[in-house]
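These notes are about the structure you will find just below.
2 protein chains.
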Amino acid sequence: MTTDPLVVFTPSGKRGHFPTGTPILTAARQLGVDLDSVCGGRGICSKCQITPGYGEFSKHGVTAKDGALSDWNSVEQRYKDKRGLIDGRRLGCQATVQGDIVIDVPPESQVHRQVVRKAASAREMIMDPAVRPYYVEVAEPDMHTPTGDLERLAQALKDQWGIEEVEAGISVLRRLQPMLRKGKWTATVVLHKGHQDKAHRILGIAPGYFDRPLYGLAIDLGSTTIAAHLTDLRTGEVAASSGIMNPQIRFGEDLMSRVSYSMMNPGGDVEMTTAVRTALNALIGTLKAESGVKPQQIMEAVFVCNPVMHHLLLGIDPVELGQAPFALATSGSLSLHAADIELDTINEAARIFILPCIAGHVGADAAAVALSEAPNEQDELTLVVDVGTNAEILLGNKTQVLACSSPTGPAFEGAQISSGQRAAPGAIERIEIDPVTKEPRFQVIGMGLWSNEPGFEAAIAATGVTGICGSGIIEAVAEMRMAGLLDSKGLIGSPEQTGTPRCILEGRTHSYVIYDGTADGGPLITVTQTDIRAIQLAKSALYAGARLLMDEMGTDTVDRVVLAGAFGAHISPKHAMVLGMIPDVPLDKVTSAGNAAGTGARMALCSVAARTSIEKTVRDITKVETAIEPKFQEHFVNANAIPHATDPFTILRSNTPLPDALFNTQGSDDGGGRRRRRRA
Amino acid sequence: MTTDPLVVFTPSGKRGHFPTGTPILTAARQLGVDLDSVCGGRGICSKCQITPGYGEFSKHGVTAKDGALSDWNSVEQRYKDKRGLIDGRRLGCQATVQGDIVIDVPPESQVHRQVVRKAASAREMIMDPAVRPYYVEVAEPDMHTPTGDLERLAQALKDQWGIEEVEAGISVLRRLQPMLRKGKWTATVVLHKGHQDKAHRILGIAPGYFDRPLYGLAIDLGSTTIAAHLTDLRTGEVAASSGIMNPQIRFGEDLMSRVSYSMMNPGGDVEMTTAVRTALNALIGTLKAESGVKPQQIMEAVFVCNPVMHHLLLGIDPVELGQAPFALATSGSLSLHAADIELDTINEAARIFILPCIAGHVGADAAAVALSEAPNEQDELTLVVDVGTNAEILLGNKTQVLACSSPTGPAFEGAQISSGQRAAPGAIERIEIDPVTKEPRFQVIGMGLWSNEPGFEAAIAATGVTGICGSGIIEAVAEMRMAGLLDSKGLIGSPEQTGTPRCILEGRTHSYVIYDGTADGGPLITVTQTDIRAIQLAKSALYAGARLLMDEMGTDTVDRVVLAGAFGAHISPKHAMVLGMIPDVPLDKVTSAGNAAGTGARMALCSVAARTSIEKTVRDITKVETAIEPKFQEHFVNANAIPHATDPFTILRSNTPLPDALFNTQGSDDGGGRRRRRRA
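In the order they appear, the protein sequences are chains A and B.
When the count follows the numbering used here, it moves up by one through the first sequence with no breaks and lands on 1026 for the last residue.
When the count follows the numbering used here, it moves up by one through the second sequence with no breaks and lands on 1026 for the last residue.
Spelled out as structure tokens, the structure:
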């Protein structure tokens, strides 16, 4: 029978007997308890803080008496005096076992701490980054056993951290000798080990104990916007987020125009590559200015993007992505150096990780959405649509996941819309039309008031009403449909047919006036027939893609719809459903996942295991190519109607009035459904 | 009982039964016979040529009848018509087994062919390079199984060549898609796999079958000269060799002066790094011009060098190598990219391999000598000295190998000698002094005549006699000793003491006149007392180093001496022995290994196995640091005498007269032995 004291760790519940005098950190390591340490138990880093519990713990069968931990030694006391410790906390590397004790490991002392995401799905993220700092004490050189400084550093990492294999590039080799001497043979080294690497690679070295946090960038490189999150690699917390327009827009609004630009202009791909890399460096500059983080602290960047952006980021001519069979240069994930893509505003040793692409039209951004929303872990059949200039669509559950992309074009983002504009102050973002009076009221971005409420005019004086943003146009079209201003084929009725003078004749078709600011020199904001056609094309492409996946799955219904994408966060589920953008499900089954691609990027940045996981998921996904499926065209034509020509949308109709007037009295279609699809 | 035909391969003797119709290449692969192929059996590359043997082979128990191989098929015939085949040769991939047959694999069809080195030791080299071309047929992209081009190329390499893991950098990714399409889904890829690599890395890709040979550089980067051999990576043959002065000489003649330069001048190390890299690119330019090889064909460079050159090549400040404990930044071998050391005159994807260093003063050049001369494989106790500005010394046999370096300085290379000059036309390289008349005769570089032979004067008219090169000065000093002009302490006698007016008074000491060209406005070439002192210092350092290793080994004698180094090739063993440069062994046991470091570099270039082997050898070598061994100073002082103050040199004295006059009549030493040693 053992007489050694019992140590119980919470919250893990792991327990064991240890000889008197065993440091708590040692006990934790022997039991496999997740207790952090950067300095290797030298009382420097304070990452191993623990909270001892005294008294009766009947649940654990332990009574912890005063004196169950050793008194404060000089190292621990010095740390407390110099840097401070929360009351009740001890340093796990200094406090030793003296009697039975319960030790709580607070979340911030766990290496693999869980980070609860604030997004709706509330999935947890485990910190497991590729880049971590390690403090080491290195043996001094000895003429009698003449090994190099690097070899002695590698031995120290092996002895003190169990790291078997280490490699270093030439820039680290150049700094190694002065750093080790400056730190008097102690140093903090930053190591990187990707999910496929055999060895840890030394990215940096600083003399002594270096406690400035390290950061990574999670970057969602979209056709229209680039969003980046500067993330603390210890905690997973976002220190700063920022976005910037993708300057490639000047070469073409959608992806296919950019591929065409490259085809028509020799060197065009190089221009676009330079443009996006310059923008990335500018964006990183903004993040650094906002957060005060230094370039040297940023050690990794993870990218998600569609295939065309993927190739243009890498400097690969995207020409093959513009024509069948849409071959990617590489579909696997990529591990690169910052210099490979000319990111010169972060640590020069920093690493780049790019998520795998799913197919020639379904990129690393879709892979990131799959990582974030995990349809492969759902019981319910879940449809995930990432709405942007191109829509990424995933459909699946635990049994199978399908993926495709569909060329919605930029209409949903307010582009190609007569009064459309980017989401900015002055833009109409919400709209309601009274079904009786046919009068609209609206809200503009940056203000809580409706346009018919007192004080609205005064409140908008500064910005004016300038246009309609992406979510506004969707609401406008859906409201027009519900108010009987628009028929199921997408035709705007005449003043006579609708009974409102707000339907005005422009050329041979009608427009609906939402706001007339012309008296004060402002704009006349209308929804035109051409706008309706653009929205119809976009939503038909989106719905046809989803329908194609449902065909492949052998189903006519889905259980749940997740709207992802920065824009998806602002779409009203009801209006999206009226438009027939998404399949008919109860409205409470439509949720927004926010920027799911960006979240996926952040997960991959914070976890090597997530990288392994998404590679497997991508391999398992069934890829569906919309461009070669004859049924896509049929689905596209049927989806042109609002909400749909053949699908019943029974659930929607049961609680939403959809007047069934038809305004085309000549009995011919005006051509909206016959326009050729294009690839965004 | 099998009725399948029997195939016997020579020279391996491997044999097996194969079904009628089996291609010879297939049979060879199944038996593990070393038969090359680059195109993978498609009748394109002709690397699998074999010579069928017909008739009675009683040794193998085989009778091969006509028709034992298939008739020429159209592929084989087309190859022969277009490119030609040696009579009796067939393509192993096209000719199939029809009956019992003996197949000879000629050396040039073996992948791992042996290359017999021309050097004295005649060791064999097995071709096993890190860089090899592979021809592949790649599957075309398919929208239904959308993998990237890289992934399909990797699959082809796996299926067609058994290569499990492939990786590619961004520059290859950029070229991949156009190359595969240009070659109609066939390509030749150049792969690199170093001795520690898990994956093959794609260095280059060319459309279709690409048959220009690939080359590597074996570079011996010395303190004074840089020598490079441009080597065919298939055959191991040297296409061109060239040398260049190390331009760092302007920062200091020996290594320690260069380290001092770096210490005294901030940025001095960068200047020296730039200088040596510029010189390397110039040297490579010369090799390409000589051979007609294109930069793109040069895929790897292997370096050997001493530790200071090693650090300066890498851009590491060598300051730590200038003071105890002489710590290297890294002692392990290094695998780098050409850009890491700014080699921009070879393929941009080319790889760099640098051999491991043995210790802070015993570099990768000594490791290369160990690889080339393999003292660890000898039964006899072998002393290998690599004579240059710094001497690398190895002593060992199968049981143990010891290594050290010793600071000989540049005297052996003709520097710091009053009439010394580099080896060039006009330089005296051989000399004899008549022991009776004390008259010299000599030969100059580039001419077979002795100076006392008819026609000499006419023959040297063009160049004149300009000075004495390194091997010349050693012969001169040794001949002076044998002729009684120089006593055992290194003092030149007066005309009275020696009986010759060629001993002339210069200041307070005497010089010996070898050649007086002053009448025609030419030089007066003498050996001065200062010259003798410089040679004494150099040879004492060399001998003391060897003696120290013998002490460590517990022996007073060695069995064999190998003189390595470009200069070692020109030293006369007898004269070296008279000087006491090397321990006393029979003259037929002193051999020259030529540029052993360069040969070691070439072996490492041509064989991945050699790289593994030298890493192990270096780990096993016992390192001896001359700077901290008190006995070194004692050995150094005793070695100052010519040949030696205390070691008897019995074998030498038994066949060589060494007059024992002492010219110092004042009974005091003139200080030669008291001068402080310096580190070269």
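Where is the CB? At the ideal position from N, CA and C, for every residue including glycine.
Element boundaries [beta strand (DSSP E), containing residue i]
i, result
"A/I396", "Q395 to G399"
"B/P479", "V477 to E483"
"B/R787", "P786 to V790"
"A/F758", "That residue, A/F758, is in no beta strand (DSSP E); it is neither H nor E in DSSP."
"B/I572", "T571 to D578"
Closest Cα partner of residue i within the set the options
i, options, result
"A/K504", "A/P721, A/L537, A/T571 and A/A635", "A/L537"
"A/N693", "A/L377, A/G550 and A/T937", "A/G550"
"A/R596", "A/A585, A/S587, A/G614 and A/S588", "A/G614"
"B/I967", "B/A773, B/T745 and B/I806", "B/T745"
"A/G508", "A/A987, A/R375, A/V859 and A/N1010", "A/R375"
"B/T963", "B/G401, B/Q594, B/P721 and B/Q423", "B/P721"
"A/A710", "A/S679, A/V730, A/A533 and A/D690", "A/S679"
Contact list for residue i against chain A, beta-carbon separation under 7 Å
i, result
"B/L519", "L660, I662, A675 and T676"
"B/G614", "Neighbours of B/G614 on chain A: none; closest Cβ ~15 Å, over 7 Å."
"B/K969", "P492"
"B/K544", "K544"
Any C-beta of chain D under 8 Å from that of residue i
i, result
"B/L496", "The structure shown contains no chain D; the protein chains it does contain are A and B."
Contacts of residue i in chain B (Cβ-Cβ under 7 Å)
i, result
"A/E666", "Q523"
Buried or exposed (CB count within 10 angstroms, at least 16 for buried), residue i
i, result
"A/A829", "buried"
"A/N611", "exposed"
"A/G1018", "Interpretation of A/G1018 is limited by its pLDDT of 44, a score under 50 that renders its predicted location unreliable; no figure is taken from the coordinates."
"B/M896", "buried"
"B/T366", "exposed"
"B/F364", "buried"
"B/V782", "exposed"
"A/A466", "With a pLDDT of only 35 at A/A466, under 50, the local geometry of the prediction cannot be trusted, and the value read off the model is given with reservation. That one is exposed."
"B/E719", "buried"
"B/I396", "buried"
"B/D412", "exposed"
"A/K1028", "This structure gives no information on residue 1028 of chain A, because the portion of chain A shown stretches from 347 to 1026."
Residue i versus residue j - alpha carbon distance
i, j, result
"A/A673", "B/H490", "11 Å"
"B/P753", "A/L526", "28 Å"
"B/A500", "A/S681", "17 Å"
"B/P800", "B/V733", "35 Å"
"B/P932", "B/A675", "42 Å"
"A/I850", "A/E775", "22 Å"
"B/G655", "B/V715", "For clarity, residue 655 of chain B is Met in the given sequence; the question names Gly instead. Taking the straight line from one Cα to the other gives about 16 Å."
"A/K405", "A/I447", "13 Å"
"A/D350", "A/L740", "56 Å"
"B/I960", "A/Y481", "33 Å"
"B/V354", "B/C439", "16 Å"
"B/L888", "B/A749", "13 Å"
Chain-ordered chain B contacts of residue i [CB-CB under 8 Å]
i, result
"A/A714", "Near A/A714 there are no residues of chain B at all, since even the closest Cβ is about 18 Å away, more than 8 Å."
Contact set between residue i and chain A, taken where Cβ atoms lie within less than 9 Å
i, result
"B/F672", "P487, M489 and P492"
"B/H505", "The sequence shown places Asp at residue 505 of chain B, rather than the His named in the question. Chain A residues near B/D505: none, gap ~18 Å exceeds 9 Å."
"B/I974", "M489 and H490"
"B/D966", "None at all; the shortest Cβ gap to chain A is about 13 Å."
N-terminal and C-terminal residue of the alpha helix (DSSP H) that residue i is part of
i, result
"A/R424", "S420 to R429"
"A/G598", "First-last for A/G598: undefined, no H or E at that position."
"A/L883", "Q875 to M899"
"B/H363", "Looking at the DSSP string, B/H363 is not in any alpha helix (DSSP H); the run it does join, the beta strand (DSSP E), is R361 to H363."
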